[in-house]
Structures are given as C-alpha cells and as structure tokens.
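Just below is one structure, and these are the notes that go with it.
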Amino acid sequence: MAASSRALCNVRFAPLGGLVRSRVVAWGPVGLQQTPRPGREACYPAGNGTSHGGYRRSYGTGPVGSRVFGTGTGTGTRVLGCAAVLLGAGLGVYRTVKSSVKQEHLLAAEDEGPRRPQLTLFQYKTCPFCSKVRAFLDYQGLPYQVVEVNPVMRKEIKWSTYRKVPILMVDGDVQLNDSSVIISSLKTYLVTKSSSMSEVLSFYPEMRSVNDGGKEVSEYNNKYWLMLSEEQTQQLYPQKEAQREEMKWRQWADDWLVHLISPNVYRTPGEALASFHYIVSEGKFGTFEGFFAKYVGAAAMFLISKRLKNKYNLQDDVRQDLYKAVNDWLAAIGKQRRFLGGEQPNLGDLAVFGVLRVMEGLQAFEDMMENTKVKHWYQRMESAKLDPQL
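Going by the working numbering, the first residue of the sequence shown is number 1076, and it counts up by one from there.
This is how it looks when you write it as structure tokens:
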C-alpha cells in the first residue's frame, strides 16, 4: 500500500473471541518473512506477491502507521493513503476482500526459556510498518497469529478505538499500537523478563498534542529506547554508541525511508497499473471489484504518489532518492560489518529490512537491487537465524 506520513490506517478492536480471519505464523528466519515529523506512521496499497521462505507473501508499498498503544482514541491524522483505500486501492492488498483467509505456518519452536506472550497481529500485509513488526517477531522467534484487516471495511478491528495498523494484542488483553512502540516494548519485555507487559508499557507514555491542522495527535518521545538496566544495556550493546546508532537508523526508517516507497512504486501510470494488475490477477475479485481495484486504485495511487513526491521534496527521478537512501544505509554499516548490529542484525537492520521488503516483486525493487549494492546485505537478512541472545 502507499500513503503519506499522515496516511494512518484507522481501525478498531473487537473481542478476540470473535476473530475469524486469522492464521498462525510460527517463528523462523527473518527472511520469512522519513525527514518528516516523527511519531506517525502511514500506509498504502501496492505490490506483487511472491512465495518466499516457505509462506506466501504479497508485496506492496507504503506505510500503514500506528502511533499509540493501549486503547487510546483514534484521532490520528487521516491522509492520502486512506483516501486511496476508499477508492479501491486497498482491495488489492487484502488478498480476499469477501472472504477470510486462513493460513497456518508452523515453524519449529523451543519450549525452553522465559514464558512467551500470546500475540495477535492485526495488519495489512503490504504495509511497511506491519512488515517491520513481522521482521522483529520472526527474528525474536515469537509465534504470533495474523489477522488480515480489510482496508475498506476494517471490520476486523471494529472493536478498537485506535483505527490504524499494526495493532498487536498481547495475551488477549493488552493492546500495543505504533510499530516502533511495539518493537521497543516487546524487546524490553524479553530482555528484562518482566512479569507484566503492562508494566513495560508504563515506560512508553502517550503524549497528545494538537497539530497545525487542529487535530489531536499522539507522540512517543522515547519510542526508540529500550528500558533496560545499565547492566542489561551493556550486555545488549557492548560497543559504545551502538544503542544510539541503532535508534538513529530506526527513526530514519520511519521518518524518511518509508516515504520513498509509494513515489517509487507508483512512479508512472504504467508501473501503478502493473502493480494493480498483478494484485487483481492474484486476488479473488469479482468483475466489478477487479476493474475497480485495478484501474481506479492504480489511478488514485499514481496521483497520490505525485503529491507525496512534492510533499517530501523528492527529485524528479524519485529512484535517485531511493538509491541514495539505500547507499546511505550501506555506508552506515560499512565494509567491516555484516549488519548494523555487527555479526547479527539489530533493531535498525530489522526496521530497514521490513520497509524495503514490501517492494519485493515490483520494478522498484528490481531497480534498487541493480543500482545499489544492497543485495548482499538483503540476502543476509533473509537468511538470518533466530536472535542468538534468546
């Protein structure tokens, strides 16, 4: 999907007992699967699907953002992406608009170690922010159930006052919103072996304010911090400045990289139409739905991508901004490290990988691979094993 930094997907929560559209995702390799104002995420439709890592993935572009955790109000700023969803672009992202999609992916799991929470992820599969969360959960070896949210009706989250994805339910009663808060709080929970997820969430308070447009928005000033003791911090980040470096690039992925996706995926009418043609051919659409998703969705996202290009002052050839961003990322890793985290991926690696992954199968992804040297790092991320610190 594609959208602006404000294109937040609004969604609601319903009791978990009523869930129908779900599947179980087991843990496995990560490969199984802005400089705008921070604190907000957004989402759009787009993308191809490929079979990878043993399960089906469909790819698109754009961020589906989340900003808060808990059952806060869903007063987030609605942006262009959501408008596109209403125009039918979201139809392509949701694999089956009329019916539930159930898939179970069983991965080998170990029962040893601390108790692992029961997790349910409400998502749009082609959303970069949702992809970030999945990359983290996979790498941490956390089993989770996935509920695909229909981007048009959003019935799957009608029970939530928070109207965007990703939303992560922990043990059926604790709601986490905002992809970076989800990742930071869960990582803190795992490292500290805290007895309560609610206790961890108390360290990530929601800060509400009114933006220039007069709408209430939520921010998390410490969303990239892990709440650890000095001893735990030294153990997790043995190299000086490693933690701040990780935080810097996590924020960069949210505040800049994400906003390069939609303008590149829907760069031309032909690319936009090609993306939606694939979506329609793979999805289960009726004649009208297929026509609506393909032509209206492609046209809407092409126009939106142009507005995003102007909003973020991108070059006429938006590919150059994408290439530069990727090259900046590779320069940060350097030639002496396999990952930003050294021998193993850290949260910065997982964030960037999650964002770039949603372009897979599209022309923008192929061009990125051909015109940058990101391929080797990307392949290492795909084959990365479970976090050795587990």
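Just so you know, even glycine gets a beta-carbon here, dropped at the ideal spot from N, CA and C. Small disclaimer: the values here were computed from a predicted structure and weren't measured.
Residue i in three-state terms, based on DSSP
{"i": "Glu1294", "result": "strand"}
{"i": "Tyr1070", "result": "One cannot answer for residue 1070 here, as it falls past the ends of the chain, which runs 1076 to 1465."}
{"i": "Gln1220", "result": "strand"}
{"i": "Phe1377", "result": "helix"}
{"i": "Leu1437", "result": "coil"}
{"i": "Gln1193", "result": "coil"}
{"i": "Lys1177", "result": "In this prediction, Lys1177 has a pLDDT of 34, which is less than 50 and means its spatial position is unreliable; what the coordinates show is noted afterwards. Coil at Lys1177, not helix or strand."}
{"i": "Arg1283", "result": "strand"}
{"i": "Leu1243", "result": "strand"}
{"i": "Tyr1453", "result": "helix"}
{"i": "Gly1417", "result": "strand"}
{"i": "Gln1411", "result": "coil"}
{"i": "Gln1390", "result": "coil"}
{"i": "Leu1425", "result": "helix"}
{"i": "Leu1383", "result": "helix"}
{"i": "Leu1461", "result": "coil"}
Closest by C-alpha distance to residue i, when choosing among the options
{"i": "Ser1254", "options": "Tyr1279, Thr1267 and Lys1230", "result": "Tyr1279"}
{"i": "Lys1191", "options": "Ala1210, Asp1246 and Tyr1237", "result": "The amino acid at residue 1191 is misidentified as Lys; the sequence shows Arg. Per the Cα distances, Asp1246."}
{"i": "Val1433", "options": "Glu1281, Gly1409, Asn1339 and Ser1270", "result": "Asn1339"}
{"i": "Ala1347", "options": "Thr1362, Lys1369 and Met1282", "result": "Lys1369"}
{"i": "Lys1410", "options": "Arg1209, Ser1206 and Val1449", "result": "Val1449"}
{"i": "Gln1220", "options": "Ala1210, Asp1213, Leu1196 and Lys1233", "result": "Leu1196"}
{"i": "Ser1235", "options": "Val1222, Gln1250 and Asn1385", "result": "Gln1250"}
{"i": "Tyr1387", "options": "Arg1413, Ile1408, Ser1337 and Lys1460", "result": "Ser1337"}
{"i": "Glu1457", "options": "Pro1420, Leu1437, Pro1463 and Gly1436", "result": "Pro1420"}
{"i": "Gly1416", "options": "Leu1243, Thr1362 and Ala1317", "result": "Ala1317"}
{"i": "Gln1314", "options": "Met1244, Arg1412, Thr1362 and Glu1435", "result": "Arg1412"}
{"i": "Cys1205", "options": "Leu1311, Ala1407 and Asn1252", "result": "Asn1252"}
{"i": "Val1256", "options": "Asn1296, His1451 and Asn1385", "result": "Asn1296"}
Whole-number beta carbon distance between residue j and residue i, since they are thought to touch under 8 Å
{"i": "Lys1262", "j": "Leu1217", "result": "Their Cβ separation, rounded to whole angstroms, is 11 Å, which puts Lys1262 and Leu1217 out of contact at 8 Å."}
{"i": "Gln1193", "j": "Pro1241", "result": "Between Pro1241 and Gln1193 the Cβ distance is about 16 Å, and since that is not below 8 Å, they are no contact."}
{"i": "Trp1331", "j": "Gly1423", "result": "About 13 Å; that fails the 8 Å criterion."}
{"i": "Ser1269", "j": "Lys1298", "result": "No, Ser1269 and Lys1298 are not in contact; Cβ-Cβ is about 18 Å, not under 8 Å."}
{"i": "Asp1067", "j": "Arg1394", "result": "With the chain running from 1076 to 1465 in the structure shown, residue 1067 is simply not present."}
{"i": "Lys1200", "j": "Glu1223", "result": "6 Å"}
Contacting residues, own chain, Cβ-Cβ under 8 Å from residue i (five flanking each side not counted)
{"i": "Thr1267", "result": "Val1275, Met1302, Leu1303, Ser1304 and Gln1307"}
{"i": "Thr1447", "result": "Tyr1398, Val1401, Asn1402 and Leu1405"}
{"i": "Gln1309", "result": "none"}
{"i": "Pro1344", "result": "Ala1373, Ala1374 and Phe1377"}
{"i": "Pro1463", "result": "Gln1419"}
Neighbourhood of residue i by C-beta distance below 7 Å, restricted to the same chain and skipping five residues each side
{"i": "Tyr1264", "result": "Met1272 and Val1275"}
{"i": "Asp1396", "result": "Leu1335, Leu1389 and Gln1390"}
{"i": "His1352", "result": "Lys1369"}
{"i": "Gln1312", "result": "Position check: residue 1312 holds Tyr in this sequence, whereas Gln was assumed. The residues are Gln1318."}
{"i": "Ala1407", "result": "Trp1324 and Leu1415"}
Residues of its chain near residue i, where Cβ-Cβ distance is below 6 Å and the 5 sequence neighbours each way are ignored
{"i": "Val1430", "result": "Pro1203, Ala1328, Leu1332 and Val1333"}
{"i": "Lys1207", "result": "Ser1254, Ala1426 and Gly1429"}
{"i": "Phe1211", "result": "Ile1258 and Leu1425"}
{"i": "Ala1439", "result": "Asn1339 and Val1340"}
{"i": "Glu1039", "result": "Because residue 1039 is not part of the residues shown, which for the chain are 1076 to 1465, the question remains open."}
{"i": "Leu1461", "result": "Gly1216"}
{"i": "Lys1454", "result": "Position check: residue 1454 holds Gln in this sequence, whereas Lys was assumed. Within the same chain, Gln1454 has no close Cβ partners at all."}
{"i": "Gly1288", "result": "none"}
message = What ranges does the alpha helix (DSSP H) occupy inside the stretch 1298-1357, keeping only unbroken runs of at least 4 residues that lie completely in it?
response = Here the runs fully enclosed are 1305-1311, 1317-1330, 1336-1340 and 1344-1357.
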